[in-house]
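Numbers given in our numbering equal positions in the sequence shown, counted from 1, plus 10.
Cβ coordinates follow ideal geometry from the N, Cα and C atoms, glycine included.
Remember, predicted model here, so these are calculated numbers, not experimental data.
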Amino acid sequence: MAKIRIGLIGCGQIARCNHVPEMRGISSDVAEITAVYDIQPGKGERFVEEMELKNAVVCKSEQELLKSRIDAVIIATPNCFHYPQTIAALKAGKHVLVEKPMASRVEDADEMIDLAEKKGLILQVNQSLRFIPLYAEIKKRIDSGVIGKLIHARCIRASTCSPDVGWSKGATWFVQKKYEGSLVTDIAVHMADALQWYMGPVAGIQAVNRCRDHEVPDNVNVLFDYANGATGVLQLSWTFPVGCGALEIYGENGVLKTTADGLEITKIKPEKETILVKGADIPAPENSHALFVRRVNGEQTPDAPWEIGRSALALCCAINESSDTKALAVPKNRAVCGCKTTCAEKGKKKSSATSGRGKRSKQA
Numbered sequence: 011m012a013k014i015r016i017g018l019i020g021c022g023q024i025a026r027c028n029h030v031p032e033m034r035g036i037s038s039d040v041a042e043i044t045a046v047y048d049i050q051p052g053k054g055e056r057f058v059e060e061m062e063l064k065n066a067v068v069c070k071s072e073q074e075l076l077k078s079r080i081d082a083v084i085i086a087t088p089n090c091f092h093y094p095q096t097i098a099a100l101k102a103g104k105h106v107l108v109e110k111p112m113a114s115r116v117e118d119a120d121e122m123i124d125l126a127e128k129k130g131l132i133l134q135v136n137q138s139l140r141f142i143p144l145y146a147e148i149k150k151r152i153d154s155g156v157i158g159k160l161i162h163a164r165c166i167r168a169s170t171c172s173p174d175v176g177w178s179k180g181a182t183w184f185v186q187k188k189y190e191g192s193l194v195t196d197i198a199v200h201m202a203d204a205l206q207w208y209m210g211p212v213a214g215i216q217a218v219n220r221c222r223d224h225e226v227p228d229n230v231n232v233l234f235d236y237a238n239g240a241t242g243v244l245q246l247s248w249t250f251p252v253g254c255g256a257l258e259i260y261g262e263n264g265v266l267k268t269t270a271d272g273l274e275i276t277k278i279k280p281e282k283e284t285i286l287v288k289g290a291d292i293p294a295p296e297n298s299h300a301l302f303v304r305r306v307n308g309e310q311t312p313d314a315p316w317e318i319g320r321s322a323l324a325l326c327c328a329i330n331e332s333s334d335t336k337a338l339a340v341p342k343n344r345a346v347c348g349c350k351t352t353c354a355e356k357g358k359k360k361s362s363a364t365s366g367r368g369k370r371s372k373q374a
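In structure tokens:
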């Protein structure tokens, strides 16, 4: 098995905090970053030196990187570049691991998927939250049936500032329309996806977005109607006076809650019991990059490489649609078989069946 040579486009905070560290967890004999490019002059050179990427060359353009001796590309750039850069990489015959959201429109995502499948290339979206030990453990516990049939989920993720002020200082693209940034594409793309991972497919969405301090949504409130009859609420903000975060999943037999140290599971049936799970004791699952490398090497996985990212994007688009139209929105999903209309048509039928419920919510 030949070593996979990977090019990195974008040398910002997510590359520092996620892509390079996760690639370091893979043997350099299996896969390695061998080329980098960033649009800002000098940034690539500093990145290579600071991150100690000893075998990586710094390219002067995206085209130069794509023409270099690489097999795959990691795209870690602002949102508006994900679609065109993925298309360019696929046309150049490279496998792609693209940051979330994979695109800004489901139509663009489908074009990316179609091209990847036509060329026989891997297109994977870096929905990194699914690979965080705590969130993976929640999925495991829920699937074990510890709290029984799911009834409701509540998630709040709020901070006192946007990422350009806090997590990634100076990265103003997070709060600019022209770069397609927003709280929806930064946080809802993770948390709405996580809730659907736990609760099952979303049948309908009602959302209210607000732009309080920025030109893009910085306060987002969403109600989810899940196909299995469960409900959920997602509350997000970049403008709260005090930050807060909580995730609660309610089932017929108990409740699962995140805590400062990990998880607290309170079972009511068959008998009352409290289970405490320390985050430090949760084993780390395989990371997104290791999965990507396995797929590039030809290993088949139960889900399509693009599937998670495409469904997360559909949720984000439905959140924005519902807020804009002040009505129920249905995620426009895509069937794994490659059909771009089947799931959307099913969604339309569900939307018609629940239109009365949507009108009542609007009047309320």
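Span of the alpha helix (DSSP H) around residue i
i, result
"Q73", "E72 to K77"
"H200", "V199 to M209"
"N28", "Where N28 is concerned, there is no enclosing alpha helix (DSSP H), given that its DSSP letter is neither H nor E."
"A213", "Run containing A213: none in the alpha helix (DSSP H); it sits in the beta strand (DSSP E), V212 to R220."
"C52", "Checking the sequence, you will find Gly at residue 52 rather than Cys. Premise fails: G52 is in no alpha helix (DSSP H) and is neither H nor E."
"S298", "S298 to V306"
Sub-8 Å separation of residue i and residue j beta-carbons
i, j, result
"A45", "L75", "yes"
"P315", "Q134", "yes"
"Y93", "M122", "yes"
"I318", "R140", "yes"
"E262", "K159", "yes"
"Y406", "I148", "The chain is shown from 11 up to 374; residue 406 falls before or after that span and cannot be answered."
"A12", "L18", "no"
"V265", "I152", "no"
"V243", "R164", "yes"
"A300", "G35", "yes"
"S333", "A213", "no"
"V226", "K179", "no"
"C90", "T195", "no"
"Q23", "A202", "no"
"G289", "D271", "yes"
"K342", "V108", "no"
"I132", "H105", "yes"
"N229", "N330", "no"
"T241", "R222", "no"
Residues bridged to residue i [DSSP beta-bridge criterion]
i, result
"D334", "Looking at the DSSP assignment, D334 forms no beta bridge with any residue, so it has no partner."
"C165", "L244 and L257"
"M225", "According to the sequence displayed, residue 225 carries Glu and not Met. Per DSSP, none; premise fails for E225."
"F234", "I215 and G242"
"E190", "The partner list for E190 (beta bridge, DSSP) is empty, contrary to what the question assumes."
"E317", "Answer by DSSP bridge pairing: none, since E317 is not bridged."
"L18", "V46 and I84"
"K288", "G272"
"A339", "I215"
"A41", "I14"
Residue i, buried or exposed, once every other Cβ within 10 Å from all chains shown has been counted against 16
i, result
"V68", "buried"
"Q310", "exposed"
"E59", "exposed"
"D235", "buried"
"Q73", "exposed"
"K293", "The question names Lys, but residue 293 in the sequence shown is Pro. Exposed: under 16 other Cβ atoms inside 10 Å."
"G54", "buried"
"C21", "buried"
"Q206", "buried"
Unbroken beta strand (DSSP E) run spanning residue i, endpoints
i, result
"L63", "Per DSSP, L63 belongs to no beta strand (DSSP E) and is neither H nor E."
"A82", "A82 to I85"
Query raised in the report: In chain order, which continuous runs of the alpha helix (DSSP H) of length 4 or greater are located wholly inside the region 120-163?
Result: Correct list: 143-153.
Query - Length at least 3, wholly inside the region 248-285: the beta strand (DSSP E) runs in chain order - result: Qualifying beta strand (DSSP E) stretches, in chain order: 254-261, 264-268 and 272-277.
Query raised in the report: Mind pulling the beta strand (DSSP E) runs of 3 or more residues that sit fully within the region 90-117?
Result: Runs found: 105-109.
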